[in-house]
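Have a look at the structure below, then the notes.
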Amino acid sequence: MIYIGIIIVTVLIDLFSKMWAASLGLFHDIPVIEGFFHITYVQNTGMA
760 MIYIGIIIVT VLIDLFSKMW AASLGLFHDI PVIEGFFHIT YVQNTGMA
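Under this note's numbering, the first residue of the sequence shown is numbered 760, with each subsequent residue one higher.
Shown next, in the form of structure tokens:
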């Protein structure tokens with residue numbers, strides 16, 4: 760039963776993080792540690 764709960768929580772975190780990322784503008788910069796670590800939204804349109 761605990762495994763089902765872990766799966767549901769993981770799927771919900773994934774869903775909300777994707778919705779949050781989609782709401783950001785391209786190259787939107789979020790400072791986590793000012794002057795050291797930033798999260799920047801980019802898209803890779805090329806092939807791997």
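For glycine and all other residues, C-beta sits at the position ideal for the given N, C-alpha and C.
Through-space distance from Thr799 to Val770, alpha-carbon basis: As a working mapping, residue 770 is identified with position 11 in the sequence shown. As a working mapping, residue 799 is identified with position 40 in the sequence shown. Taking the straight line joining both Cα atoms gives about 23 Å.
Thr799 - DSSP class collapsed to helix/strand/coil: Reading the sequence shown from its first residue, position 40 is the one you call residue 799. DSSP places Thr799 in strand when its eight states are reduced to three.
Range covered by the alpha helix (DSSP H) that runs through Phe775: Here the question's residue 775 lines up with position 16 in the sequence shown. Judged by DSSP secondary structure, Phe775 falls within the alpha helix (DSSP H) whose first and last residues are Ile761 to Ser782.
Residue nearest to Asn803 in terms of C-alpha spacing, selected from Met778, Asp773, Phe786 and Ser776: Taking the first residue of the sequence shown as position 1, residue 803 is located at position 44. Between Asn803 and the set Met778, Asp773, Phe786 and Ser776, the nearest pair of CA atoms involves Phe786.
Cα-Cα separation between Lys777 and Leu783, rounded to whole angstroms: Position 18 of the sequence shown holds residue 777. Position 24 of the sequence shown holds residue 783. If I take the Cα positions, the gap works out to 10 Å.
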